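One structure is given below, encoded as structure tokens.
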Amino acid sequence: MSFVIGCIDGATASTAVCEYSAWAATQLSAPVLLLHVLENSTLEASTDVTGNIGLGTREHLLEQLAELDEQRAKLALKHGHMLLEQAEQKVRKLGLTDIHQRQRHGGLAPTLLDMEQDVRLAVLGLHGEDSINQLRKVGSHLETVIRSVHRPLLLTPDEFQPPKSAMLAYDGSETAKKGVELVTESPLFKGMPVHLVMVDDDTVENQERLDWAAEHLRAGGHDVETKLLSGNVEESLHSYQTDHGIDIMVMGAFGHSRIRQFLVGSTTMRMLQESTTPVLVLR
């Protein structure tokens, strides 16, 4: 079975993750699976008891530390179950009934990789629990997930806003064309106007690439606006989205273009850090 997977942690953004997961599941007519991953680092003690202390004292300390580790692991497990229960209640209040829970040990990226066959869409908060009180820093695991997981990722801001318009960052490559087809065919974007934006040189070839994509999207029932921009990819995309009040940005890992370099580069993290709208990354 293919799920919309909502990745839950203790961050305030988890409420938005629940809401975007419910929205996506409704659009896709898919069940929701709420996932909480217990990081190994939260379960392991880092205390060093070596040094100039007596053998008996050290053994006693080791026993106490082992007991504390066991208690901490139990509390982390209990806390995770509580987060999942609260998340399920939120999703259920939004009208969904086909809801599942799963708690795993390890890292988020390896867990999602292990579950890839069950993932139709993974929903993650842009600002995770690890980034609380760090000036809206993007969650530290996010870049690893973007680079490694080959399923669509919906990266959400802290507040939910039902998407009513979309912007597709496009570069004209063969992989980009697959992204156009996905947006055209996916119920996630049904009825949405789409802004098709390329950041590249203003050439006849690039304009023809935009025209092809626009025709494909229009054939799928979308109202389409196209724009060929120059300049810095990050600034150009962000400014265009802000100026046109677009609710969701769609990006893909497209070849080796400037957009591709933007997607996997450090500028991605800077733009995501400032984002107040969701970003859908297609692979």
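Numbering (UniProt numbering), first residue to last: 1 to 283. We put the beta carbon where it would ideally sit given N, CA and C, even for glycine. Fair warning: this is a prediction, and the values are worked out from it, not measured in the lab.
Which one of the options has the shortest CA to CA distance from residue i?
i    : options                : result
Y240 : R209, T184, D98, V199  : V199
L94  : H79, A16, L38          : A16
L84  : L228, T57, V233, I5    : I5
G220 : T242, H60, V180, G231  : V180
L182 : T277, M251, D98        : M251
L112 : P152, T184, Q86, K74   : P152
E174 : R283, A166, R72, E59   : R283
V233 : D201, D118, A66, E208  : D201
L217 : W23, E185, M1, T97     : E185
H222 : N206, T203, H244, P187 : P187
C7   : N206, V204, L126       : L126
H150 : T57, H244, V281, L62   : V281
K177 : V145, T144, V204, E215 : E215
F3   : D98, L272, T57         : D98
M1   : H105, D243, M115       : M115
H105 : W23, A73, L61          : A73
A272 : L28, M82, I146         : Reading the sequence as shown, one finds Leu at residue 272 and not Ala. Ranking the options by Cα distance to L272, first place goes to I146.
V194 : V204, K227, K78        : K227
L96  : V204, H244, L28, E143  : L28
R92  : W23, E235, E208        : W23
Should residue i and residue j be called a contact, given that it needs their Cβ atoms to be closer than 7 Å?
i    : j    : result
V224 : M249 : no
A213 : L196 : yes
S21  : V32  : yes
G10  : L38  : no
S275 : P157 : yes
D247 : P163 : yes
F189 : E19  : no
L154 : V123 : yes
R120 : A25  : no
S165 : M192 : yes
Consult DSSP for residue i and reduce its assignment to one of helix, strand or coil.
i    : result
L135 : Since pLDDT at L135 reaches only 40, below the 50 mark, its modelled position is unreliable, and the value read off the structure follows with that caveat. Of the three classes helix, strand and coil, the one that applies to L135 here is coil, per DSSP.
A16  : helix
I246 : coil
G80  : helix
H216 : helix
A30  : coil
L108 : helix
S165 : coil
F160 : coil
T8   : What sits at residue 8 in the sequence shown is Ile, not Thr. Reduced to three states, the DSSP call for I8 is coil.
G172 : coil
G179 : helix
H238 : helix
S275 : coil
V281 : strand
E39  : coil
L210 : helix
K74  : helix
R147 : helix
L65  : helix
K190 : coil
T97  : coil
H195 : strand
Which whole-angstrom value is the C-beta distance of residue i and residue j, which I expect to be below 8 Å?
i    : j    : result
L229 : Y170 : That pair is no contact at about 11 Å.
Q117 : L34  : The Cβ separation is near 18 Å, so there is no contact.
H36  : Q103 : 5 Å
H141 : L108 : 5 Å
N206 : G231 : Their Cβ separation, rounded to whole angstroms, is 14 Å, which puts N206 and G231 out of contact at 8 Å.
Just checking residue i against the ligand ADP - is the residue's beta carbon closer than 6 Å to any of the ligand's heavy atoms?
i    : result
T111 : Absence of the ligand ADP is noted for the structure shown, with no ligands found whatsoever.
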